[in-house]
Amino acid sequence: MVSPSHPRQDHATLAEKFNRDEARVDWHDKTLWFIREKRDRAARTLPEWEDLREAASQIKNRVLDNLRDYLLQFEAQAQRNGVTVHWAANAEEHNQIVHRIIQQAGVTNIVKSKSMLTEECHLNDYLQEKGITVVDTDLGERIVQLAGESPSHIVLPCIHWKKEEIGELFHKHLGTPAGNADPKFLTGAAREHLRQRFMTSRVAITGVNFAVAETGEVVVCTNEGNADLGVQLADVHIACMGIEKIIPERKDLGIFLRLLARSATGQPVTTYSSHFRRPRVGQTMHIVLVDNGRSARLQEESFRNALKCIRCGACMNTCPVYRRSGGHSYHYAIAGPIGAILAPALDMKQHADLPFASTLCGSCTHVCPVKINIHEQLYDWRQVLARQGYVGGVKKLGLMGMAAVLARPRIYRWSGALGRWFMKHMPALVNNRLNPWYKQREMPAVPRQSFQEWYRQNRQQHGQQR
Amino acid sequence: MRSTPTSQALPSTPHTATVDELTTRFETTLTGIGGNVVRVFSWHEIMEYIRGTFTSAQRIISAVPALDLPAAVTPADPHSFEDVDLVVLEPYFGVAENGAAWLTDSRMPDRALPFIAQHIALVLRVQDLVPTMQEAYARIGSEQYELGTFIAGPSKTADIEQSLVLGAHGPKSMTVFLLQLS
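Note that the protein sequences, when read in sequence, are chains A and B.
If you read the first sequence in the numbering used here, its first letter stands for residue 43, the second for the next number, and so on.
If you read the second sequence in the numbering used here, its first letter stands for residue 36, the second for the next number, and so on.
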């Protein structure tokens with residue numbers, strides 16, 4: 043598990059490790075692109091898709107503009123519904139609150155459905171230290187949990203695992219026959235294993251996809267039904283959410299639920315979209331509202347609208363860098379383009395490398411269902427990080443050199459000619475491991491002349507013909 | 036905190052379609068995501084289908100009064116429903132664009148039932164189909180349910196190498212009877 047206290051490697055280093063297994067990278071790349079294509083097909087079934095994106099974006103803008111009011115309205119409504127509402131300023135407070143509720147219930151084994159917020163807060167590690175066993179019930183999350191890893195994708199937590207490896211993992215932990223890697227069989231084994239946990243856990247934690255200010259209800263979307271099964275068989279339901287998950291009215295769900303699953307996996311909707319408004323008789327329900335840097339972000343004009351994110355993962359599936367570097371190379375709970383703009387806001391120093399893990403191609407922005415300008419923010423983060431001195435010396439020096447050359451036409455022409463001469467006559471000078479551009483790339487064939495030379499020549503000829 | 040006048044251009048999209056169009060769309064969509072749609076024209080047909088299909092079901096619970104099937108004894112410990120093979124429920128309406136059906140706690144003998152049973156069957160009248168989720172929420176309005184849920188197909192996962200497997204934790208199959216009474 044990536045823990046913030048450990049010295050860790052940067053995105054480029056981790057991506058390089060991931061790229062050692064070329065066949066796996068290719069598979070990873072193609073699988074995610076396949077999901078991106080499914081998303082496209084699902085979007086195209088709706089002529090009003092772009093109107094929906096615009097509407098969702100505007101609703102989220104309205105939420106960010108009036109977040110305080112909506113949060114207070116939500117709290118009041120939830121309390122009226124018999125729900126206990128807690129406020130946590132940061133991850134530490136969130137973890138303490140959750141721990142206290144579990145302690146009050148007097149249990150040491152709990153189940154948890156998918157929640158990126160609890161990943162962000164490292165809740166599992168925290169509870170483990172306090173002697174509480176957390177079982178992640180989403181199949182993908184359970185797989186990475188058994189392997190001692192964190193999810194590598196927010197929607198597809200074990201997308202980096204091959205079925206043979208999962209078969210081996212289950213053989214070791216669940217006692218399935220060695221060598222059986224049939225997905226149906228393995229899912230069946232996990233079903234039996236997790237049923238036992240559902241039947242015996244008296245506390246269930248869930249994440250929250252949407253929290254409705256108007257009604258005080260929270261909506262949780264899953265395909266497996268693990269959130270529902272956990273909650274309905276528990277005495278205590280704890281729903282953990284970042285404060286940006288608020289939406290104003292119930293009818294807004296009509297927009298968001300049309301966008302969420304189609305953007306995420308290309309499904310028309312998730313199997314279960316459950317609206318938890320009141321606890322069942324005899325059950326207690328808690329909602330933990332977590333800030334953890336969000337209200338500070340709200341003050342930053344360039345970066346605030348990253349808070350519109352509904353965690354669909356579309357930006358990851360489409361990202362050429364994510365697809366070829368894997369989620370773990372981002373060393374943050376949320377990987378990919380959206381993670382790369384969320385993480386530095388939380389800790390600039392720890393995550394200074396992430397905004398550079400992008401080609402700025404803009405594909406993320408184009409698929410985002412709530413129209414976050416992700417690639418522009420990646421670019422803006424680079425400016426901020428450079429100004430704050432978080433850009434490495436070599437990169438800084440290189441860029442300064444490049445700026446100097448590009449600003450002086452004569453030097454630019456001269457260095458171009460020099461470069462072409464060297465690449466032609468002494469290719470070993472650039473085709474070596476010291477040149478980072480040469481990694482996993484062939485250097486281009488050397489042109490005879492520069493474009494400028496070509497243009498001057500051809501324009502002259504052209505002019506004479508006239 | 037700012038307050039910007041953001042325009043409220045919610046697409047109102049008055050999706051209109053005939054009952055036949057909605058029925059076909061619902062059927063195609065739900066079948067495409069692993070559900071099983073059975074068109075029926077009488078309650079009797081539903082009973083026959085259940086008797087003929089769920090032959091090995093030991094424990095069936097129904098919350099549909101028109102069907103001659105056992106009801107749940109409630110209140111009960113939700114864990115006691117672990118051995119339910121088939122639960123039959125009557126949602127308020129279905130959504131044609133995504134194959135989802137809307138249920139609230141008042142249509143569930145116990146809230147655990149739709150999720151804990153091995154199989155789920157729903158009875159939906161064809162006139163209770165709406166085109167999209169936007170019409171769905173217009174219909175839900177300000178309903179004061181305790182738990183409400185859209186269910187679209189059997190519980191499923193594709194977490195292992197993107198291979199779709201039905202029956203992750205909840206029901207392994209979902210049958211929707213589209214009932215058209217003459």
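Virtual Cβ for every residue (Gly too), placed ideally from N, Cα, C.
Keep in mind that this is a model prediction, so the values were computed, not measured.
Give a yes or no on whether 8 Å exceeds the smallest Cβ distance from residue i to chain A.
i, result
"B:F98", "Correcting the residue identity first, residue 98 of chain B is Ala in this sequence and not Phe. No, its Cβ sits nowhere closer than 8 Å to a Cβ of chain A."
"B:R146", "yes"
"B:E56", "no"
"B:D194", "yes"
"B:H154", "no"
"B:F61", "no"
"B:E125", "no"
"B:Q197", "yes"
"B:L182", "yes"
Taking all protein chains shown into account, do 16 or more other C-beta atoms lie within 10 angstroms of the C-beta of residue i, making it buried, or fewer, making it exposed?
i, result
"A:Q494", "exposed"
"A:G221", "exposed"
"A:D167", "exposed"
"A:R452", "exposed"
"A:A399", "buried"
"A:N251", "buried"
"A:P379", "buried"
"A:F298", "buried"
"A:A446", "exposed"
"B:G105", "Reading off the sequence shown, one finds Pro at residue 105 of chain B, where the question assumed Gly. Exposed."
"B:T63", "exposed"
"B:H114", "exposed"
"A:V140", "buried"
Who are the Cβ neighbours of residue i in its own chain at under 6 Å, not counting the five residues just before and after it?
i, result
"A:L56", "S371"
"A:D52", "D395"
"A:D71", "R365, R366"
"A:A428", "none"
"B:T66", "V72"
"A:H202", "S194, G368"
"A:H213", "A220"
If distances are taken between C-alpha atoms only, which option among the options comes closest to residue i?
i, options, result
"A:E286", "A:G249, A:I280, A:S315", "A:G249"
"A:M485", "A:S492, A:R498, A:G461", "A:G461"
"A:M390", "A:V433, A:S367, A:V260, A:H279", "A:V433"
"A:H215", "A:V186, A:T242, A:H202", "A:V186"
"A:V245", "A:G381, A:A147, A:L448, A:A189", "A:A147"
"B:R142", "B:R60, B:T58, B:M209, B:P100", "B:P100"
"A:E256", "B:V211, B:A193, B:G176", "B:G176"
"A:G182", "A:I152, A:L228, A:A459", "A:L228"
"A:H279", "A:L159, A:G209, A:I152, A:D180", "A:I152"
"A:M8", "A:E191, A:W423, A:I376", "Not covered by the structure: residue 8 of chain A. The range shown for chain A is 43 to 508."
Per the DSSP calculation, residue i is bridged to which residue(s)?
i, result
"A:C357", "Beta-bridge pairing links A:C357 to no other residue."
"B:R160", "B:L214"
"B:G183", "A:H317, B:T139"
"A:H328", "A:T126, A:I280"
"B:S97", "B:V123"
"B:G129", "B:A136, B:L164"
"A:C263", "A:S315"
"A:L198", "Bridge partners of A:L198: none, in fact."
"A:R288", "It should be pointed out that residue 288 of chain A corresponds to Ile in this sequence rather than to Arg. Answer is A:A253, bridged to A:I288."
Using C-beta distances below 7 Å, list every residue in its chain close to residue i, excluding the 5 sequence neighbours before and after it, in chain order.
i, result
"B:I94", "A small fix is needed here, since residue 94 of chain B is Arg in this sequence, not Ile. So the list reads D118, V119, D120, once near-sequence residues are dropped."
"A:S405", "T360, C361"
"A:V127", "E117, A120, Q121, I329, L331"
"A:V105", "Y112, I288, I289, P290"
"A:F60", "V67, S367, G368, S371"
"A:D178", "K154, R184, Q187"
"A:A356", "R81, S305, A306, V409, C410, P411"
"B:T58", "V161, L164, L213"
"A:T8", "The structure shown has nothing for residue 8 of chain A, since chain A only spans 43 to 508."
Does any residue of chain B bring its CB to less than 8 Å from the CB of residue i?
i, result
"A:C200", "yes"
"A:S47", "Confidence is the limiting factor: at A:S47 the pLDDT is only 41, short of 50, which leaves the residue's position unreliable and the question unanswerable from this model."
"A:Y421", "no"
"A:F60", "no"
"A:M241", "yes"
"A:G182", "yes"
"A:Q502", "no"
"A:Y314", "yes"
"A:Q121", "no"
"A:V323", "yes"
"A:Q187", "no"
"A:R424", "no"
"A:E266", "yes"
Spatial neighbours of residue i within its chain, please: C-beta separation below 8 Å, excluding the five flanking residues on both sides.
i, result
"A:G517", "Nothing can be reported for residue 517 of chain A: it is not among the residues displayed for chain A, which extend from 43 to 508."
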